[in-house]
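Participant:
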Amino acid sequence: MMLGGTAPILILIALGFLSRALGLLRAGDERALNGFVYFFALPAFLLLNLSRTSFTLESLKFMGAGLVPIAALLGAYFLIRRVGGGKELFYLLTTSTVFGSLAFFGVPYVEYVLGPGEPERLAALIIAAVAPPTVILVLTFLELYGIEGSLRKALGKVAVRLSRNPLIIAIALGASLSLAEVSLPRFLVQSLSYLSSATAPVALFSLGVFLYGRSYRSFVPALGLSALRLLILPGITFLVAWTLGFSALERDVLVFMNGTPIAVNMIVLSQRYRYHPELIGTVVFVSSLGSLLTLSLWRWILS
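What the sequence shown shows, in the numbering used here, is residues 303 to 605, in sequence order.
(1) So residue 404 packs on residue 559, CB below 8 Å; how close in whole Å?
(2) Which residue comes first and which comes last in the alpha helix (DSSP H) that contains residue 390?
(3) What whole-angstrom Cβ distance do residue 401 and residue 437 have, given they're in contact under 8 Å?
(4) By Cβ distance, which residues of its chain are closer than 6 Å to residue 365, with the 5 residues on each side in sequence left out?
(5) If we ignore side chains and look at the alpha-carbon of each, how far apart do residue 523 and residue 446 end up?
(6) Given a threshold of 16 other Cβ atoms within 10 Å of its Cβ, counted over all protein chains shown, does residue 495 qualify as buried or as exposed?
(7) State the CB to CB distance for the pair residue 355 and residue 530, rounded to an integer number of angstroms; the pair is presumed to be in contact (CB under 8 Å).
(8) For residue 477, which residues from the same chain have a beta carbon less than 6 Å from its beta carbon, with the 5 sequence-adjacent residues on both sides left out?
(9) Leaving out five residues before and five after residue 515 in sequence, what residues of the same chain have Cβ atoms less than 8 Å from its Cβ?
(10) In three-state terms, what does DSSP make of residue 402?
(11) Rounded to the nearest angstrom, what separates residue 549 and residue 455 at their Cα positions?
(12) Cα-Cα, which of 484, 469, 410 is closest to residue 435?
(13) Tell me which same chain residues have a C-beta within less than 7 Å of the C-beta of residue 498, skipping the five on either side of it?
(14) Is the separation between the beta-carbon of residue 509 and that of residue 406 shorter than 8 Å?
(15) Look at the alpha carbon of residue 592 and the alpha carbon of residue 586, and state the distance between them as a whole number of angstroms.
(16) Would you say residue 441 and residue 466 are within 8 Å of each other, going by their C-beta atoms?
(17) What number of angstroms, rounded off, separates the C-alpha of residue 397 from the C-alpha of residue 433?
(18) Pop quiz: residue 373 and residue 543 are said to be a contact at Cβ under 8 Å. What is the actual Cβ separation, rounded to whole angstroms?
(19) How would you label residue 325, buried or exposed, when you count the other beta carbons within 10 angstroms and need 16 or more for buried?
(20) Hey, would you say residue 676 sits closer than 8 Å to residue 409, going by beta carbons?
(21) Contact check, residue 444 vs residue 581 under 8 Å by CB: the rounded distance?
(22) Going by the CB atoms, is the gap between residue 588 and residue 512 shorter than 8 Å?
(23) Compare the beta carbon distance of residue 395 and residue 379 with 8 Å and say whether it is the shorter of the two.
(24) How would you label residue 489, buried or exposed, when you count the other beta carbons within 10 angstroms and need 16 or more for buried?
Take a look at the structure:
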């Protein structure tokens, strides 16, 4: 029964994986699926939910609670570097743990386990709070990786990329509509709802397609890095949520979203920047499958 919440997710991932194994889809087809989710479905989900959100002190407190555990983990990594861990280890710990699959994995899990409506709105708030700073941090570190990187140059490149990022644009637009108290016309809301409803199944199916046919090695360090993301980070999140007195629903969304696996995009980024591509790929694989167990464990603990 404990694994019941992840069974539909596992089935969708497995179907995507099998579609490649059986030759129904070919290498590269995942780009079209990811493109649909990245450029259409997820932006629609964020725009729709954030435009309906009232940004009160309580909602801002909730968003901040999603960031505090990540900041605490980064603080621990910084201390490790100060006592002799070195820049290389600091970069590896950061890039392989803070950039979670909030949208591709977190949204489907929250939607299935906690239901539509308010849980989805809370999940969108976490994405709006956590995704921009973690994306900026990871991209900056990857730009700085190596001897040629300079902070000013790296930040400039990151700023250009963020200005074209459809998720960042959707977050900014949705928040702006909410703050301006502008309601979207009914026909547009319906269109966005259709796109938004496709987010969960297509994202999970494309994850299975993406994971097929790749080389996975270095499982021991990958297990350690995955444990930081799947066990330590949600554990800190639980303590933060309990300390701040959030409701059971808010606490659950916080823990589940911060307990998601590493973003699958890290595979692409690690290859582009030649940054431990085999290890990062294995971390994505291990954390994606491992999260099916750890999220079920957290669900049992929270219940």
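We put the CB at the ideal spot given by N, CA and C, even for glycine. If you're wondering where the values come from, they're calculated on a predicted model, not measured in any experiment.
Facilitator: Answer, in terms of the structure:
(1) 6 Å
(2) 388 to 397
(3) 7 Å
(4) 427, 431
(5) 23 Å
(6) exposed
(7) With a Cβ gap of about 30 Å, residue 355 and residue 530 do not count as contacting.
(8) 352
(9) 322, 329
(10) strand
(11) 43 Å
(12) 469
(13) 343, 346, 347, 350
(14) yes
(15) 10 Å
(16) no
(17) 13 Å
(18) That belief does not hold up - the Cβ atoms of residue 373 and residue 543 are roughly 15 Å apart, past 8 Å.
(19) exposed
(20) Residue 676 cannot be examined here, being either before or after the span of the chain that is shown, 303 to 605.
(21) That pair is no contact at about 14 Å.
(22) no
(23) yes
(24) exposed
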